[in-house]
Every structure is written in C-alpha cells, then in structure tokens.
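One structure is given below, encoded as structure tokens.
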Amino acid sequence: MFLMSRISSLRHTSPQLSGVSSPIVACDFDLRVQGPGVEFCLQTKFTATSKRIAFFGPSGSGKSLTLMALAGLLKPRLGVIAIQGQTFFDKKLGINIPARKRNIGMLFQDYALFPHLSVRENVSFGLKPFLRPLTVAHRERVDHLLALCDLDLLASQLPSQISGGQRQRVALARALATEPAILLLDEPFAALDQPLRKKMRAELFAILERFDLPMIMVSHDLEDVDHFAQTLVAFGPGRVLDVIDYDLRRKKETATQILDPLFVTEGI
Amino acid sequence: MDTNFFFPIQLSLRVAFLATLVSLVLGLFLGWIFHRHRFPGKELLDSILSLPLVLPPTVLGYYLIVLLGRKGLVGRWLEDSFGVTLMFSWQGAVIAAAVVSFPLIFKSVRAALDGVERKYEDAARTMGYPEWRVFLRVSLPLAGRGILAGAMLAFARAMGEFGATLMIAGNLPGRTQTLSLAVYSATQAGNDSLASQLVLLISILCTLILWISGKLLTPKWQA
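Read top to bottom, the protein sequences are chains V and X. Going from the first sequence to the working numbering is simple: count from 1 and add 163. Going from the second sequence to the working numbering is simple: count from 1 and add 1074.
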C-alpha cells in the first residue's frame, strides 16, 4: 500500500478494492481521553465496507475522536483498528502503526493550515524532502492540484490572507497531495457560513469525484450526510448506535425517515 | 575613556552572548522534552530547573564553587584531565551567567511550544513527518518568536549578572571584570564619572533589549 502511494498518477486506485475485499474500516476499540477534570470514554465497534462512510451523530458523541484514532493521532486503551485490511492498531499483538506511516489524508475541522507557510508550501508540505527541493514530478503534482482546486492565483498567499472557502480547498489539496489510500474529513463544512456551505459542498464533492478513493466524513449536519453517505455510522454518546446501508434505504425513505427514529428511540 | 570603560563592556557582551547560546541549546532540548513527554516528577523537575530565577545569586555561586572549584566534582576532573580551571576565568563567568539565564529560556521555550496548537503538529504527522521534522518545520517556527523573546530576556539577565559571577570568576580588572562588577568597583573607588557612564550604557542597552523582546511577543500570524 505504501509503495503504491508513490505512483504519481492523479487517479487513485487502491489494489485492495478490486474484487471481494476486506472492509474499508473495521474497528472495535476503547478510547479514553482525559481533559482537566473530565474523562470521556468511547467504545467504538463497527464495520463499514462502502467507499463513502459518514459518521453521524450529535456533537460530543465521539465521532471526531474515532476519526483521530483511525488516523493514529489518539491511541486507544484497547482493541483493534484495521483500514482496508491493514491492521493499524492491535493492543493484544502490540501493533500501533504511527500516524505518519498510515498513509491517510486528513481534512481537519478548521483546516489546520500552517499559518507561517504559503498556500503552495502548505500543499507541497507532505511531499517535501528534508533540506531538498521538490522533485520535478512532485512539483507538477502540486501545480496540478493547485489548478484543480482553483488556487493557482493564490499560491503565494498566506492562509490568513484568503477566504474560508479557499482555505478549505487548500486543506483538501494538501491532504490529497501525498496520495493517501483513504481520506478522512472532519466536519468539513462546520467552519463555513450557512449560505457558503451549499456552494462549498458542491465544489468539494466535485473535486472528490475525480479521485477514486474511499472517504470517511464526520458530520452532524443532515444535509451533508445525505449528499455524501453510502454507509452511515450513527453515533450516540460514547458509542456506535447502528450501521446503516444508507444507499439502499435512501431508495425508499427520506433522510429524516431513516435518521429520526434512531435518535428518538435512543432519547438523544 | 580607557580600558576601564571598554574592557568590561566587551567582556559583558561576550559573556552574555555565549551564556545565552549555551542556555538556548539546553533550553530548547529540555523545553522540547517537557513539551512532548509526560513522566513522573515532571513538574518537580521543572521547579528545580527554574530555581535560579528565585535563589539568591550567591547561593548559585556557592553551588557552582562546590561543583566547579578545584576540589569540586567537575572542577577536579577538568583540571586532572584537561588542565582547565574555570575558577577566576571569564569562562567561569559564562557558566555563572548561563545558569542564571537558563530558566528564562527554558520557561519561554516550554510556554511557546505548549502554545502551538496540536492540530498543526498532528497535520504534519498525518503527512508522513517524523517527530524531529514536525519540530523543525512546524513547532519551532510557530514558537520561534516566543523563544527569541525568551532568549533576549536571558541575554539581558546575563548582562546584569553579578553575584554568582563574583563568586566564580572574581572581579579581576582586565580579566574577569564584567560591566556590573566594574560599576561596583568604580563606585567603591569613588570614580563616579566612570560608574555613571557604565550605568547609563547598561540601562540603555537593557531597555532596548526588553523593548525588542516585547515587540517579538506580539503575534504575527492569525490562523
């Protein structure tokens, strides 16, 4: 998988996805986060096989923490995490692949663009070798991504000098630059104003259409999820309530019909 | 104007510069460890490392003599192995100044690194960066101004160091007499004009340093 990621074609195909394959995500883990005076316990157990998975649930239910654990940025207390058949974490076997070796692209909630680096430096960040310039192939890739995300004219600007929508596209280009095997999107539209959301959703999904890679999106917005999900993982406080074949159900039911009973019966 | 005026100035600048360099290297290393790792006794160790901030300089001088003196643990080893004596040398003054200025850098590095939001470091990690590169490319540049401000403070503190320097390096005119020691000697000798010139100079210099340091602490980027 890691070797595959270095092929410089923009179209991304993952060998594991052809034919009968292992689930995109399979996890069963227990995570504890300690803040000052509070402790949050999260038990996540689910398997999802489609290419567009949405983590849906109210804020504070642990969706984002689950995403962080998948990316290797938080270490579960116990359990297993496997993505595309590859074990990233297994407490019993003592496996814990560090974030940098998981080949995961991540779009952070408020984008986390490096404020001291230009748009171009942000996008090329993951490709740049230590103390050496980008290779020609990588430079072309960055140019291509900047053009694709309509950022070519902003390449030398700092993140503080561009708009929220533009920042999101920089974050997306940056996450795609390293040719990840999977893309994680953490509340991609939460930082945008309501009128802009609809437009950005269309733009983001249009760009993602061109990349054939599996994605997991965290959202508490019904519309986001409805536009995106093939599989829906419903989160309640600190656990997974249900995994829904959203594509199948959506043929007969409306989004509200599918989702409302789930949270009503759970009293959320 | 004579060597009584110029020698102390150039010695103080040299001592303060080298002392700041020493404590910057140590402060960056220890500050990074404290930023990245959790270990038992961490806050106690932080307090011990910060002691020079509050201990009387004479107490520090005493510790340094115990350590670096002819009969001291490190002092004897240095003399036996290399024939080096730190007592009554300007290098001894560098060590005294480094010890008193170290906490200012260490505290600044720690605060500046802790002030870097985790999401930036995490973003670099997901893009394949090992920890040392995360530090060089993300944490250090984002914390840079805070660290530099701390280094300027440390420099000013090292310039003004008196007590520990007196105990370690003595007050030998033309050899170990730094600016602050020269002010003391000039006042004792009734040489008011020399004392006032030196006092004026160090006041201006330290005001400048504090002013620049304050400027550095105003944020440059907005996320």
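Here a beta-carbon is modelled for each residue, glycine too, at the ideal position from N, C-alpha and C. Quantities reported herein were computed from a predicted structural model and do not represent experimental measurements.
On the premise that residue j lies in contact with residue i, defined as a C-beta separation below 8 Å, what is that separation, rounded to the nearest angstrom?
i                            : j                       : result
phenylalanine 271 of chain V : alanine 1217 of chain X : Not quite, the Cβ-Cβ distance comes to about 20 Å (not below 8 Å), so this is no contact.
serine 1287 of chain X       : alanine 1223 of chain X : 5 Å
leucine 308 of chain V       : glycine 328 of chain V  : Not confirmed; about 16 Å, so no contact.
cysteine 1280 of chain X     : alanine 1230 of chain X : 5 Å
alanine 340 of chain V       : leucine 290 of chain V  : 6 Å
alanine 245 of chain V       : leucine 194 of chain V  : Going by Cβ atoms, the distance from alanine 245 of chain V to leucine 194 of chain V rounds to 16 Å, so no, they are not a contact pair.
phenylalanine 288 of chain V : leucine 294 of chain V  : The pair is not a contact, with the Cβ atoms about 15 Å apart (cut-off 8 Å).
Return yes when the Cβ of residue j is within less than 9 Å of the Cβ of residue i, no when it is not.
i                          : j                            : result
isoleucine 1242 of chain X : isoleucine 1169 of chain X   : yes
valine 381 of chain V      : leucine 347 of chain V       : yes
alanine 1260 of chain X    : leucine 1272 of chain X      : yes
valine 286 of chain V      : leucine 321 of chain V       : no
arginine 402 of chain V    : threonine 210 of chain V     : no
methionine 1233 of chain X : serine 1086 of chain X       : yes
leucine 376 of chain V     : alanine 344 of chain V       : yes
glycine 242 of chain V     : phenylalanine 203 of chain V : no
threonine 1077 of chain X  : glycine 1248 of chain X      : yes
tyrosine 1203 of chain X   : arginine 412 of chain V      : no
threonine 1094 of chain X  : isoleucine 1179 of chain X   : yes
valine 1212 of chain X     : glycine 1101 of chain X      : no
leucine 425 of chain V     : alanine 397 of chain V       : yes
valine 201 of chain V      : leucine 228 of chain V       : no
Which residues in the same chain have their Cβ closer than 7 Å to the Cβ of residue i, if we skip the five residues on either side of it in sequence?
i                       : result
valine 1051 of chain X  : Outside the displayed range of chain X (1075 to 1297) lies residue 1051 of chain X, so it cannot be described from this structure.
leucine 385 of chain V  : Ala418, Leu422
glycine 1143 of chain X : Gly1149, Met1161
If you draw a straight line from the alpha carbon of residue i to that of residue j, how long is it in whole angstroms?
i                            : j                             : result
threonine 1252 of chain X    : leucine 1268 of chain X       : 14 Å
phenylalanine 165 of chain V : leucine 230 of chain V        : Annotation note: pLDDT 40 at phenylalanine 165 of chain V (below 50); position unreliable, no value reported.
leucine 1134 of chain X      : phenylalanine 1081 of chain X : 25 Å
serine 222 of chain V        : histidine 383 of chain V      : 7 Å
glutamine 1084 of chain X    : histidine 1109 of chain X     : 36 Å
proline 1126 of chain X      : valine 1174 of chain X        : 5 Å
glutamate 350 of chain V     : isoleucine 267 of chain V     : 16 Å
serine 185 of chain V        : methionine 363 of chain V     : 32 Å
alanine 189 of chain V       : isoleucine 370 of chain V     : 27 Å
aspartate 1188 of chain X    : leucine 1214 of chain X       : 11 Å
aspartate 405 of chain V     : alanine 217 of chain V        : 12 Å
isoleucine 1122 of chain X   : glutamate 1153 of chain X     : 28 Å
proline 296 of chain V       : leucine 205 of chain V        : 43 Å
alanine 365 of chain V       : arginine 240 of chain V       : 38 Å
threonine 1292 of chain X    : arginine 360 of chain V       : 34 Å
arginine 1219 of chain X     : glutamate 1191 of chain X     : 15 Å
arginine 304 of chain V      : leucine 367 of chain V        : 19 Å
isoleucine 325 of chain V    : lysine 238 of chain V         : 34 Å
aspartate 315 of chain V     : glutamine 331 of chain V      : 14 Å
alanine 1167 of chain X      : phenylalanine 1103 of chain X : 23 Å
glutamate 342 of chain V     : leucine 1290 of chain X       : 38 Å
aspartate 313 of chain V     : glutamate 284 of chain V      : 16 Å
aspartate 389 of chain V     : serine 213 of chain V         : 15 Å
serine 1097 of chain X       : glutamate 1235 of chain X     : 14 Å
glycine 430 of chain V       : leucine 395 of chain V        : Annotation note: pLDDT 49 at glycine 430 of chain V (below 50); position unreliable, no value reported.
phenylalanine 352 of chain V : leucine 1118 of chain X       : 44 Å
proline 358 of chain V       : aspartate 273 of chain V      : 18 Å
leucine 236 of chain V       : proline 261 of chain V        : 8 Å
Are there 16 or more other CB atoms within 10 angstroms of the CB of residue i, so buried, or fewer, so exposed?
i                             : result
histidine 1111 of chain X     : exposed
serine 1277 of chain X        : exposed
valine 333 of chain V         : buried
alanine 1090 of chain X       : buried
proline 1177 of chain X       : buried
isoleucine 407 of chain V     : buried
alanine 310 of chain V        : exposed
glutamate 372 of chain V      : exposed
lysine 1116 of chain X        : exposed
valine 1128 of chain X        : exposed
lysine 226 of chain V         : buried
glutamine 247 of chain V      : buried
valine 1140 of chain X        : exposed
phenylalanine 1156 of chain X : exposed
aspartate 1299 of chain X     : With chain X covering 1075 to 1297 only, the question about residue 1299 of chain X has no answer from this structure.
Which residues in the same chain as residue i place their Cβ atom closer than 6 Å to its Cβ, once the five residues preceding and following it in sequence are excluded?
i                         : result
proline 400 of chain V    : Ser224
asparagine 259 of chain V : Phe252
serine 1158 of chain X    : Going by the sequence as given, residue 1158 of chain X is valine instead of serine. Contacts found: Leu1152.
lysine 1181 of chain X    : none
serine 177 of chain V     : With a pLDDT of 43 at serine 177 of chain V, under the threshold of 50, the modelled position of that residue is not reliable, and no figure is offered here.
For residue i, which residues from the same chain have a beta carbon less than 8 Å from its beta carbon, with the 5 sequence-adjacent residues on both sides left out?
i                         : result
glutamine 1262 of chain X : none
serine 323 of chain V     : Pro278
alanine 338 of chain V    : Gly268, Met269, Leu270, Leu346
serine 1124 of chain X    : Pro1177, Phe1180, Lys1181
Any heavy atom of the ligand SAH within a distance shorter than 8 Å of the CB on residue i?
i                       : result
alanine 1167 of chain X : No copy of the ligand SAH occurs in the structure displayed, which carries no ligand at all.
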